[in-house]
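J.: If you scroll down you'll find the structure; I have some questions about it.
Next comes the structure, spelled out in structure tokens:
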């Protein structure tokens with residue numbers, strides 16, 4: 048079995064220019080949060096600067112306090128010309144006393160006092176602390192600075208993440224509401240072409256996929272750019288030649304990143320297509336589970352799903368393979384750069400042309416420098432998912448909404464006296480008319496029955512009356528005014544429609560009956576509403592609901608019979624007290640007992656109203672003021688039941704066939 052839902056938007060490949068176009072479309076949603084975003088970006092700059100500063104602190108700790116270069120005596124100062132010495136400050140009383148205590152360990156020359164590093168090891172821990180009092184004091188101060196830097200990074204990171212999370216969730220909220228409102232405003236024709244699963248995915252999953260783009264990606268990219276530039280500057284400042292040697296691996300890292308992006312883009316696109324196919328198939332399975340089980344197609348359906356799932360699995364494995372190659376390559380290049388620094392820098396340190404602190408800072412910087420490259424895979428995954436979701440979201444948002452004329456009539460001054468079809472034609476698809484040259488006039492207070500075979504155009508006629516669609520040919524008039532000039536909201540406030548397959552919403556029975564009037568949900572029914580509910584025979588079928596009007600209803604009324612759903616639908620239509628009532632096969636799927644109640648309710652509530660009854664069974668139509676017989680999208684016959692039987696035409700033949 049093959050399912051085809053038309054063009055799959057997930058199959059489109061958003062190139063680099065298209066990604067930029069999508070980002071420009073997203074900018075308006077971020078502009079109203081511009082102040083918070085600027086603060087967050089400033090915090091990112093502060094965090095990055097402090098992180099770059101940490102290796103310099105390490106360098107200072109090593110070179111000034113652990114191995115104090117500025118207080119190391121050059122080799123020619125020593126007695127034997129080989130051992131390093133450390134000068135000491137004898138102006139300090141405790142240090143002077145220590146020199147007097149161990150005169151054989153200290154050497155005085157040119158007014159300076161020093162001690163061999165080897166001799167210093169012979170001192171006790173207490174004496175060493177006295178000897179290096181200045182170093183310990185400086186170490187305490189620089190450690191405090193280090194802790195302050197770490198705490199500042201933590202605080203800035205906390206507020207930066209908090210601001211970005213709040214901002215990102217606000218943007219997601221606004222985008223989701225925009226998308227939801229746009230979908231609700233789309234013409235009915237859009238929903239006949241777009242599978243429900245895709246629209247659900249847009250509002251739920253695709254908006255959620257944008258979360259990381261708004262909260263993490265922008266700050267991560269800025270931070271990585273600042274890290275690369277800042278670290279490169281720090282390396283060149285510390286040692287230009289060593290930095291150039293370390294950067295010999297950069298062309299290979301850039302080549303690996305470019306190749307990864309090229310291959311990953313293709314796989315990401317294929318993966319999106321596979322996931323979309325799985326979502327659509329799963330939604331079809333849930334919607335059609337009764338048919339699947341009735342025809343015992345569980346195994347075949349599972350096999351088809353397994354094929355889709357395996358294709359998705361294999362594509363996912365390809366994605367993993369690309370990641371599995373890229374990550375070790377970048378890691379290896381980073382290690383290679385570190386090895387170059389250790390080898391060359393270590394040699395310079397041994398020859399005393401480079402300090403140990405600078406070497407340690409260099410190694411830290413090199414490892415930090417390749418971190419953005421290692422994170423590229425994660426960022427690319429995040430960006431591609433977000434761009435794919437943005438693409439699908441804007442494919443919906445870019446769909447044009449119905450346009451209304453400048454002279455739109457929002458309200459008629461009086462009741463609707465006439466509904467006139469003048470040579471009306473309708474095509475859902477170009478070149479495939481479902482209504483052809485329909486001319487028909489309905490006067491106020493009349494009951495019109497529309498009958499005909501399946502596919503004759505009965506429901507299409509109804510769709511035009513409530514402006515689910517507009518005529519593609521001819522004109523539909525209400526009180527002599529072109530329907531295109533009348534607000535759909537106004538028409539629907541005057542017309543109630545009872546459909547063949549009623550839909551109920553999650554909530555109470557009262558909320559479903561008073562649907563569209565939420566201000567009444569917590570209030571008592573008005574006397575008029577009670578009268579209309581009584582006329583809808585609520586007393587006969589309401590007893591089946593244990594909690595009365597407060598009985599909870601599940602989504603779609605799944606736990607109710609089709610008859611109960613239809614009775615609620617009829618009550619919902621009439622409690623609004625409409626001028627015009629349209630019944631589209633309202634008694635098709637109910638049992639005889641429920642049909643009797645429905646017929647009584649409908650008879651009560653149609654009294655004094657303009658009524659259009661779409662019927663498949665002719666017994667439903669025989670008492671109408673006028674019967675309109677449809678066939679092939681055209682009006683074949685009109686008249687009363689007796690007149691049409693006397694004419695012995697199409698209606699008479701249908702009547703005989705139905706006995």
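Residue numbers (our numbering): 48 to 706.
Every residue gets a Cβ at the ideal spot worked out from N, C-alpha and C, and that includes glycine.
1) Go ahead and pull the three-state DSSP assignment for residue 112.
2) Helix, strand or coil, according to DSSP, for residue 147 in the structure here?
3) Considering just the uninterrupted stretch of the beta strand (DSSP E) at residue 470, what are its terminal residues?
4) Can you give me the start and stop residues for the beta strand (DSSP E) that residue 661 sits inside?
5) Once DSSP output is grouped into helix, strand and coil, what is the label at residue 693?
6) Unbroken beta strand (DSSP E) runs of length 3 or more, entirely within the segment 362-398: which are they?
7) Between residue 18 and residue 186, how many whole angstroms is the CB-CB distance? I'm expecting something under 8 Å.
8) How is the alpha helix (DSSP H) around residue 100 delimited, first residue to last?
9) I need the boundaries of the alpha helix (DSSP H) containing residue 579, first residue and last residue.
10) Using DSSP with H/G/I as helix, E/B as strand and the rest coil, what is residue 649?
11) How is the beta strand (DSSP E) around residue 294 delimited, first residue to last?
12) Measuring CB to CB, does residue 572 end up less than 8 Å from residue 621?
13) Between which two residues does the beta strand (DSSP E) containing residue 244 stretch?
14) My output table needs one value for residue 634: the three-state DSSP class, helix, strand or coil.
15) Thinking C-alpha only, which one of 80, 318, 539, 305 is nearest residue 212?
16) So, with DSSP's three-state summary, where would you put residue 156?
17) Tell me which same chain residues have a C-beta within less than 7 Å of the C-beta of residue 589, skipping the five on either side of it?
18) Classify residue 639 as buried or exposed, calling it buried when 16 or more other Cβ atoms lie within 10 Å of its own Cβ.
19) For residue 127, which three-state DSSP category applies?
20) Touching or not, the segment 316-324 and the segment 352-370, by the rule of three or more beta carbon pairs under 8 Å?
21) According to DSSP, is residue 688 helix, strand or coil?
22) Have a look at the DSSP bridge pairing and note the partners of residue 725.
23) Return helix, strand or coil for residue 483, following the three-state DSSP convention.
24) Classify residue 695 as buried or exposed, calling it buried when 16 or more other Cβ atoms lie within 10 Å of its own Cβ.
25) Pick from 214, 676, 698: whose alpha carbon is nearest that of residue 487?
26) What are the start and end residues of each continuous alpha helix (DSSP H) run of 4 or more residues lying completely inside the segment 254-287, in chain order?
27) Identify the residues that DSSP records as bridge partners of residue 319: which are they?
28) Measuring CA to CA, which of 151, 156, 159 is closest to residue 170?
29) Per DSSP, what kind of secondary structure is residue 499 in: helix, strand or coil?
30) Taking its Cβ as the centre, do 16 or more other Cβ atoms sit within 10 Å of residue 195, making it buried, or is it exposed?
31) Starting from residue 212 and walking both ways along the beta strand (DSSP E), at which residues does that stretch end?
32) Could you tell me the boundaries of the beta strand (DSSP E) in which residue 542 lies?
33) Since I believe residue 615 is in contact with residue 551 (beta carbons under 8 Å), could you give me their beta-carbon distance rounded to a whole number of angstroms?
34) Are residue 633 and residue 611 touching if we call contact CB-CB under 8 Å?
35) Smallest Cα separation from residue 370: which of 142, 428, 679, 193?
36) DSSP three-state call for residue 488: helix, strand or coil?
T.: Inspection of the coordinates gives the following:
1) In the three-state reduction of the DSSP assignment, residue 112 falls in the helix class.
2) helix
3) Where residue 470 is concerned, the enclosing beta strand (DSSP E) stretches over 465-476.
4) Its beta strand (DSSP E) spans residues 657-662.
5) helix
6) Qualifying beta strand (DSSP E) stretches: none in this window.
7) Residue 18 is absent from the model: the chain starts at 48 and stops at 706.
8) 81-107
9) 574-582
10) helix
11) Counting along the chain, residue 294 falls outside any beta strand (DSSP E), and DSSP gives it neither H nor E.
12) no
13) Premise fails: residue 244 lies in the alpha helix (DSSP H), 243-248, not in any beta strand (DSSP E).
14) coil
15) 80
16) strand
17) 595
18) exposed
19) Model confidence at residue 127 stands at a pLDDT of 48, short of 50, so the residue's coordinates are unreliable; what they give is reported in the following sentence. In the structure shown, residue 127 sits in coil (DSSP, three-state: anything other than H, G, I, E or B).
20) Contact between the segment 316-324 and the segment 352-370 is present, because at least three Cβ pairs lie under 8 Å.
21) helix
22) Past the boundaries of the shown model lies residue 725; the chain is included only from 48 to 706, so the question cannot be answered.
23) strand
24) exposed
25) Looking only at 214, 676, 698, the smallest Cα-Cα distance to residue 487 is reached by 676.
26) 265-285
27) The partner list for residue 319 (beta bridge, DSSP) is empty, contrary to what the question assumes.
28) 151
29) strand
30) exposed
31) Element bounds for residue 212: not the beta strand (DSSP E) but the alpha helix (DSSP H), 180-232.
32) Counting along the chain, the beta strand (DSSP E) containing residue 542 begins and ends at 542-545.
33) 6 Å
34) no
35) In terms of Cα proximity to residue 370, the closest of 142, 428, 679, 193 is 428.
36) strand
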